[in-house]
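Peer 1: This structure is in structure tokens; I'll ask about it shortly.
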Amino acid sequence: MQPFRISDPVPLETFPTVLSGAIERSGLSLEHLQRKLAAEGIRVSLSTLSYWRRGRTRPERPESLRAVEVIEDVLKLPRGYLVALLGPRKPRGRWVARGGLVRPHEALWDSVSGLAPVLSELSEPAPGEMTYLNVHDQHFLDHHGRDVRTRVRMLVRSEVDGLRSMVVLHRAEETDRALPAVLTGSGCAVGRVRPVASSRFTVAEILFDRSLSSGQTAVFEYEVRWFGQAASTRYSRASRRAFRDYLSEVNFHPSALPSVCFAYTQESTEEPEVHRETLEPGSYGGVHTSAQNSESAIHGIRWMW
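Using the numbering used here, count along the sequence shown one by one with no gaps and you end on 306.
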């Protein structure tokens, strides 16, 4: 009689494990898969495909489910196989509501070439994992009107257990002589930093001073150094997440004050700027604008010399 032996457990088939395995077997990159979808008239960002593959988010909207059906054909999977693994739609509740709206990077920038694999490597927090409670930008220009540095102070709340970091992106102007540098300030450390020269980004990992449990907050500050060669005409923040409270300051050199200055918002890079208020530099050359509970994708201050 053969002795009874417990066999190795059979891996559970889930949407991300089957999708990831099928992609690996096909030899296709996510960029290739994205192009296949685009050929069928379906636009899905690389970051979304990466999130689906790793199980950080799941397709639920009708256009996303249509994308899954095309992926099944491209990866030579039985029709309906991946869709069936999704099961019933997840209920909407506090977890999603607290995390707030998270936009695709494509809505914020005119080019995101080379960005997706870097974001995947640095494990950008998934939608619903973090809330921006307070963001304060202080931007400084020199006597030639060139960008010099930005001090960023943030208060964020974790919506999950074990959140240890977040990812920030800062983008150089076409005329800058180098990509921006991200430097540690207080309450955090700068971890891995990845330059993305193809779209002029510096992507940096911000490490919190502790692992956050759900509901806990972190407050920290870091600095960005710019290498501008031409006079700047705006400072803007493009954010995937909505703000509870946002404050933006621009500090001009007293010998180089703008002739006109105003605050604006944009819903995406493809939408026009919406004038919010005219700003007048104070005695020390500073202007500021604030927004509460704003869901606009882009907040900025623009000026003319």
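Glycine residues also receive a C-beta, built at the ideal position from the N, C-alpha and C atoms.
Do the CB positions of residue 120 and residue 158 come within less than 8 Å of each other?
Peer 2: Contact flag unset, no.
Peer 1: Say whether the region 159 to 171 touches the region 272 to 292, bearing in mind that this needs 3 or more beta-carbon pairs closer than 8 Å, one atom from each stretch.
Peer 2: The region 159 to 171, when compared against the region 272 to 292, does not touch it at the 8 Å Cβ threshold.
Peer 1: Would you call the region 219 to 239 in contact with the region 171 to 181, where contact means no fewer than 3 C-beta pairs closer than 8 Å?
Peer 2: As far as the Cβ criterion goes, the region 219 to 239 touches the region 171 to 181, which means the pair count is three or higher.
Peer 1: Cutting at 6 Å between CB atoms, please list the residues of its own chain near residue 201, excluding the five before and the five after it.
Peer 2: Cβ neighbours of residue 201 beyond the five flanking positions: 172, 173.
Peer 1: Using the three-state DSSP reduction, which class does residue 180 fall into: helix, strand or coil?
Peer 2: Residue 180 falls in the coil class under three-state DSSP.
Peer 1: Given a cut-off of 8 Å, decide if residue 303 and residue 253 are closer than it, judged by their beta-carbon atoms.
Peer 2: Not a contact, by the Cβ cut-off of 8 Å.
Peer 1: Hey, could you find the ends of the alpha helix (DSSP H) residue 75 is sitting in?
Peer 2: Start and end: 63 to 75.
Peer 1: Over what stretch of residues does the alpha helix (DSSP H) that includes residue 159 continue unbroken?
Peer 2: Careful: residue 159 lies outside any alpha helix (DSSP H), inside the beta strand (DSSP E) at 148 to 159.
Peer 1: Tell me where the alpha helix (DSSP H) around residue 125 begins and ends.
Peer 2: Counting along the chain, residue 125 falls outside any alpha helix (DSSP H), and DSSP gives it neither H nor E.
Peer 1: Three-state secondary structure (DSSP) at residue 257?
Peer 2: Looking at residue 257 - three-state DSSP - the assignment turns out to be coil, as it is neither helix nor strand.
Peer 1: What span of residues does the beta strand (DSSP E) with residue 106 cover, start to end?
Peer 2: Counting along the chain, residue 106 falls outside any beta strand (DSSP E), and DSSP gives it neither H nor E.
Peer 1: Out of 242, 272, 288, which has the shortest C-alpha to C-alpha gap to residue 294?
Peer 2: Taking only the C-alpha atoms, the option nearest residue 294 is 242.
Peer 1: Quick one: what does DSSP say residue 82 is sitting in, helix, strand or coil?
Peer 2: Here residue 82 sits in helix by DSSP.
Peer 1: Using a Cβ-Cβ cut-off of 7 Å (strictly less than) and excluding sequence neighbours within five positions of residue 104, which residues of its own chain qualify?
Peer 2: Excluding residues within five positions, the ones whose Cβ falls inside 7 Å are 241, 298.
Peer 1: Does the Cβ-Cβ distance between residue 300 and residue 247 come in under 8 Å?
Peer 2: Contact: yes.
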